[in-house]
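Position in the sequence shown (first residue = 1) + 448 = my numbering.
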Amino acid sequence: MELFDSHAHLNDEKFNQDRDSIIEQIKESGVTKLISAGYSLESSISAKELADKYDFIYTTVGISPNDIPQTEEELWIMLDKMEEMAKQSKKIVAIGEIGLDYYWNQENKDLQRLAFKKQIELANRLALPIVIHTREAVMDTIEILKQNKVILKGVFHCCPLNRELVKEALKLGFYISFAGPVTFKNSKNAEEIIRNGAK
Numbered sequence: 449m450e451l452f453d454s455h456a457h458l459n460d461e462k463f464n465q466d467r468d469s470i471i472e473q474i475k476e477s478g479v480t481k482l483i484s485a486g487y488s489l490e491s492s493i494s495a496k497e498l499a500d501k502y503d504f505i506y507t508t509v510g511i512s513p514n515d516i517p518q519t520e521e522e523l524w525i526m527l528d529k530m531e532e533m534a535k536q537s538k539k540i541v542a543i544g545e546i547g548l549d550y551y552w553n554q555e556n557k558d559l560q561r562l563a564f565k566k567q568i569e570l571a572n573r574l575a576l577p578i579v580i581h582t583r584e585a586v587m588d589t590i591e592i593l594k595q596n597k598v599i600l601k602g603v604f605h606c607c608p609l610n611r612e613l614v615k616e617a618l619k620l621g622f623y624i625s626f627a628g629p630v631t632f633k634n635s636k637n638a639e640e641i642i643r644n645g646a647k
């Protein structure tokens, strides 16, 4: 059996002191592949550097809704740089994390939505799936996905265990990750949704 960690953030600065030793421990524990996901331009660059250094590490590049810039002009610059990176590396396996977050970032909702749509377009151009982060933005997220076809689909990595979101996401062909939000106090229906497949 292979163990595949599909979403980690070993590129985070919290690991600056002991990153290499932690990566060795991960490899020794039996993990054969790992994705260290990007969530900003800087973290995407550092994740790619990790993927270049370790043969079993892959990465995503993306701008999360909590890391979008203040202006459209800055967004275009970031997207151009990410596209260039993705074209140059076969170890970049998805665009993400991308999406909407109205819990942590109640400002710039229009720019969040624009960044989400443009990164879907980027994923389609590069023939890559997407990794979605959404919080307090269920209806807008689903609406954007319905109006902006994602060719290779992807996964809802971070999302509320909302029955409607899970049902619609599955209908659209996405995978659902039961990750950190399972531990939230308001996720009492998580077990039922998992058991019943959001039927």
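Quick reminder that beta carbons are idealized off the backbone N, C-alpha and C, glycines included. In this text, all values refer to a predicted model and were calculated from it rather than measured experimentally.
Distance between beta carbons of residue j and residue i, contact taken as under 8 Å
i, j, result
"C606", "R583", "7 Å"
"P513", "L548", "5 Å"
"Q560", "I516", "6 Å"
"A571", "I543", "4 Å"
"K538", "F504", "Wrong, their Cβ atoms sit about 14 Å apart, outside the cutoff."
Span of the beta strand (DSSP E), counted from its first residue to its last, around residue i
i, result
"E454", "What sits at residue 454 in the sequence shown is Ser, not Glu. From DSSP, the beta strand (DSSP E) with S454 extends over L451 to A456."
"L548", "I540 to D549"
"S484", "V479 to S484"
"V586", "Per DSSP, V586 belongs to no beta strand (DSSP E); it is in the alpha helix (DSSP H), V586 to Q595."
Straight-line gap, residue i to residue j (C-alpha atoms, nearest Å)
i, j, result
"E450", "E612", "32 Å"
"F604", "F626", "9 Å"
"E545", "I470", "23 Å"
"A459", "V541", "Sequence inspection shows Asn at residue 459; the Ala mentioned does not correspond to that position. Computed Cα separation, rounded: 16 Å."
"D453", "K557", "31 Å"
"A585", "T519", "21 Å"
"M530", "S492", "8 Å"
"L620", "L576", "16 Å"
"H455", "I592", "23 Å"
"N596", "E616", "14 Å"
"E490", "N553", "19 Å"
"F463", "Y551", "26 Å"
"Y502", "F622", "29 Å"
"D466", "A499", "17 Å"
"K594", "S494", "32 Å"
Element boundaries [alpha helix (DSSP H), containing residue i]
i, result
"K496", "L489 to K501"
"F604", "F604 -> not in any alpha helix (DSSP H); beta strand (DSSP E) instead, spanning G602 to C606."
"I511", "Run containing I511: none; DSSP gives neither H nor E here."
"I568", "K557 to L574"
"V614", "R611 to K619"
"I474", "R467 to E476"
- [ ] Examine the Cβ distances between the region 502–514 and the region 472–488 and report whether three or more of them are shorter than 8 Å.
- [x] yes
- [ ] May I ask you to verify whether the region 566–580 touches the region 519–529, counting CB pairs closer than 8 Å and requiring at least 3?
- [x] yes
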